[in-house]
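Here's the structure we're looking at; comments come further down.
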Amino acid sequence: MENGMEKRPATIRTSNLPANILPLTATTQLQNTLSVRDTFPFKSFHSIPSLPAVLTNLALSGAALVAAAASIFVTGVIFLPLGILKSTVSTLLVPFNYTRRRLGEKLPDQTGKRRCVVINGASSGIGAALVSEYANPNTHLVLLARSIPRLKKVAATARALGATTSIHSLDYFESGNIDAMRQLLKDVDRELSGIDIAISCVGVTAHRQDVLGRKDPDKDNIDGLAPEIAETVRPMETGEQWGHTTAARMLRINVEAMQAFVLTAWELMKARRLTLATTKSGDGVYNPKIVFMASSAAFFYPANFSLYSASKAYLYALGQSLQTLSAPYGIQITTVCPGFIESGMTITMIEDGCPVPISVFGDPRKLAARIRTGEERNDRVVVYPLAQALPLFGCRALNPLLEVLGQWVGLATGSAAWTPT
Numbered sequence: 087m088e089n090g091m092e093k094r095p096a097t098i099r100t101s102n103l104p105a106n107i108l109p110l111t112a113t114t115q116l117q118n119t120l121s122v123r124d125t126f127p128f129k130s131f132h133s134i135p136s137l138p139a140v141l142t143n144l145a146l147s148g149a150a151l152v153a154a155a156a157s158i159f160v161t162g163v164i165f166l167p168l169g170i171l172k173s174t175v176s177t178l179l180v181p182f183n184y185t186r187r188r189l190g191e192k193l194p195d196q197t198g199k200r201r202c203v204v205i206n207g208a209s210s211g212i213g214a215a216l217v218s219e220y221a222n223p224n225t226h227l228v229l230l231a232r233s234i235p236r237l238k239k240v241a242a243t244a245r246a247l248g249a250t251t252s253i254h255s256l257d258y259f260e261s262g263n264i265d266a267m268r269q270l271l272k273d274v275d276r277e278l279s280g281i282d283i284a285i286s287c288v289g290v291t292a293h294r295q296d297v298l299g300r301k302d303p304d305k306d307n308i309d310g311l312a313p314e315i316a317e318t319v320r321p322m323e324t325g326e327q328w329g330h331t332t333a334a335r336m337l338r339i340n341v342e343a344m345q346a347f348v349l350t351a352w353e354l355m356k357a358r359r360l361t362l363a364t365t366k367s368g369d370g371v372y373n374p375k376i377v378f379m380a381s382s383a384a385f386f387y388p389a390n391f392s393l394y395s396a397s398k399a400y401l402y403a404l405g406q407s408l409q410t411l412s413a414p415y416g417i418q419i420t421t422v423c424p425g426f427i428e429s430g431m432t433i434t435m436i437e438d439g440c441p442v443p444i445s446v447f448g449d450p451r452k453l454a455a456r457i458r459t460g461e462e463r464n465d466r467v468v469v470y471p472l473a474q475a476l477p478l479f480g481c482r483a484l485n486p487l488l489e490v491l492g493q494w495v496g497l498a499t500g501s502a503a504w505t506p507t
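Per the working numbering, the sequence shown starts with residue 87, numbered consecutively.
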C-alpha cells in the first residue's frame, strides 16, 4: 500500500473522477482489425534484411551500448552525489519553513496576489486529480476543458478546498478554439499579473469514435469543426480505416493544441521575467513553471499505436529542448510520461479490447501527487508508474531491425487495444 491507500480491486476504478468514454462502434473496430500473420515484417524472403543492413544495425547497437554505459557512469558519478546533497539540504531547511513557502502552500505575496495555476484538460482523469492536488486557499485555478458540467463539478471540489476558480469551455476539435485558448492565456496573464504554473493534460488516442470513427454524437452541427475534420464527418454508425483523417484529428489535439498552450505560456512567462529583470523588481518572486503530459508511449510502441506515440514523442522532445532554452529566463519545464493511468481515455481502450489488466493501472491521484512533488523539486521528467515505463525506455536501445520486430510483437499481443486475428 502507498499513502495509506488500500489495494484496489482488479475490476473497478478507485476514483470517482468523471470519465470521457466514447468507445468505437463495432463497425469501426472491425475495419481496423489486423492479421498477426499478415503483418509479420519478415514473412517473405524479400523482406529478410540484407547483409549491409544487418551490419549497420550491429553498429547502431554497439553505439547504443556505449551510450548506455556512459549514461550510467556520468549519472552515478556526478548526478547521484549532487542529488543526495540536494535532498539533504532540502530536508535540513524544512524546519525553517523554506520548503513550505517556496512550494504549493506558499502565502500570498505582499500585494495579496494568489498563485495563478492554469490547468488545460481539467475536467477528468489526470487533469481533475491535479485540480484537487493544487487547490488551496492561496491559489486561483483557471480550468480549461470541453465539458462545462464536468468543469463545474471539478471547480466545486477546488472551491471546497479553499481555492478560487474560473472555468472555460474549449473544444479543440472546433475551428478557432486553439486561437481562443491562446488569447485566454494572454488575458489571464494580464489580469492576474502573471501565470505561475501552466499545466496541460489534453490528449486523445484513436480509440474514440470522434477520432477514428465519427464526431461526438452530441454534436449535431458540423459547421464549427475544422475543415480537415468536418469534411470527413459521416453518421456515427459508420467507421473509417486508420489513416490521414485519423492523424488530422489526433494531431490537432495532441500536438497543435498542446504546443499552442505550452509555447504561449512560455512566451508570456519569458516576457514577464524579462520585464521584471529590466525593472529590477520581483527578483526571486516570480518563478514560472510549465508542466505538460507526454507519455511513456513516447519511448516505444506497438506498430498500430504509432500516431499517438509519435505525437507524444514530439511533446517529449519539445519538453527536453525547452528545459535548455528556458534556462536564461528562469522558467522551469517538467515533462510527464505516464503509463496506463485510470482515466476516460484508458478506460475507453479497455472497452475497445486492451488486454492490460486494470489492476496494474496507475491511480490518477497518485500521479497528480507525484507531478506536484516533481514540479516542486524541479524534476525535469516525471515517470509513473515506473514499472510500466522501464521496459519501454529500455527498448529505445533496440536497433531498427529489432525495433520493427518489437513493434510487431506489441501489435500481435493486442497491447494497443486492437484485437488481432
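Don't be surprised by glycine CBs; every beta carbon is placed ideally from N, CA and C.
Only a predicted model underlies this, so the values are computations on that prediction, with no experimental measurement involved.
- Can you give, in chain order, each stretch of the beta strand (DSSP E) that sits fully within the region 381–433 and has at least 3 residues? 418–424
- Message: Taking 8 Å as the cut-off, does the region 403–413 touch the region 161–179 (at least 3 CB pairs, one atom from each stretch)?
- Response: no
- How far does the beta strand (DSSP E) with SER255 in it reach, from first residue to last? 250–255
- Task: Could you tell me if GLN493 is buried or exposed, where buried requires 16 or more neighbouring beta carbons within 10 angstroms of its beta carbon?
- Result: buried
- Start and end residues, beta strand (DSSP E) containing PHE378: 375–379
- Query: What number of angstroms, rounded off, separates the C-alpha of GLY248 from the C-alpha of ARG359?
  - Reply: 28 Å
- Query: Which term fits GLY496, buried or exposed, when burial requires 16 or more other beta carbons within 10 angstroms of its beta carbon?
  - Reply: buried
- Message: Whole angstroms are fine: how far does the CA of VAL152 sit from the CA of ALA380?
- Response: 27 Å
- Task: Could you name the residues that DSSP lists as bridge partners for LEU230?
- Result: ASN206, HIS254
- Nearest-angstrom Cα distance between LEU491 and LEU484? 10 Å
- Message: Taking the alpha carbon of ALA233 as the reference point, which residue from TYR220, ASN206, THR420 has its own alpha carbon closest?
- Response: The residue you asked about is not Ala; residue 233 is Ser in the sequence shown. Nearest option by C-alpha distance: ASN206.
- Selected residue, minimal CA-CA separation from GLU353, among ALA343, PRO135, LEU271, ARG335: LEU271
- Which one of THR291, MET344, PRO374, ASN224 has the shortest CA to CA distance from ARG268? MET344
- Rounded separation between ALA145 and PHE391 - CA only: 28 Å
- Task: Tell me ILE283's beta-bridge partners as DSSP assigns them.
- Result: VAL203, LYS375
- Query: If you compare alpha carbons, which of ASP449, PRO135, SER209 is closest to LEU256?
  - Reply: SER209
- Item | Host alpha helix (DSSP H) of VAL469 (start-end) | Run containing VAL469: none in the alpha helix (DSSP H); it sits in the beta strand (DSSP E), 467–470.
- Item | Stretch pair the region 129–139 + the region 469–484: three plus CB contacts closer than 8 Å | no
- Message: Please report the distance separating the alpha-carbon of LYS301 from that of THR332.
- Response: With a pLDDT of only 47 at LYS301, under 50, the local geometry of the prediction cannot be trusted, and no value is derived from it.
- Grouping DSSP H, G and I as helix and E and B as strand, with all else coil, what is GLY262? coil
- Message: For VAL377 and LEU404, what's the separation of their Cα atoms in angstroms?
- Response: 12 Å
- Return the CA-CA distance between VAL290 and ILE339, expressed in angstroms with no decimal places. 7 Å
- Query: Just the Cα atoms here: how many angstroms apart are ARG456 and ILE134?
  - Reply: 45 Å
- Just the C-alpha distance for PHE165 and THR420, rounded to the nearest angstrom, thanks. 18 Å
- Message: Run through the DSSP bridge pairs and tell me what GLY448 is partnered with.
- Response: ILE427
- Query: GLY416: which of ASN373, PHE385, ARG458, LEU216 sits nearest, CA to CA?
  - Reply: ASN373
- Item | Cut-off 8 Å between Cβ atoms - residues of its own chain near SER382, not counting five sequence neighbours on either side | CYS423, PRO424, GLY425, VAL469, GLN474, ALA475, LEU478, PHE479
- Task: Under 8 Å Cβ to Cβ from LYS199, same chain only, skipping five residues before and after it: list those, please.
- Result: LEU278, SER279
- Count the other CB atoms within 10 Å of the CB of PHE159; is the residue buried (16 or more) or exposed (fewer)? exposed
- Apart from the five residues on each side of it in sequence, which residues of its chain come closer than 6 Å, Cβ to Cβ, to LEU393? ALA333, MET336
- Item | Cβ-based burial, ILE315 [other Cβ within 10 Å; buried from 16] | Summary for ILE315: the model assigns pLDDT 45, below 50, so the residue's position carries little reliability; its value from the coordinates is reported in the next sentence. With 16 or more other Cβ atoms within 10 Å, it is buried.
- Message: Using only the alpha-carbon positions, how far apart do ALA384 and ILE427 sit?
- Response: 15 Å
- For the candidate residues ASN143, ASN263, LEU408, whose alpha-carbon lies nearest to that of LEU488? ASN143
- Out of GLU462, VAL467, CYS481, state which residue places its alpha-carbon closest to the alpha-carbon of LYS172. GLU462
- What separation, rounded to the nearest whole angstrom, lies between the Cα atoms of ASN464 and GLY169? 12 Å
- Cα separation between ARG466 and ARG458? 12 Å
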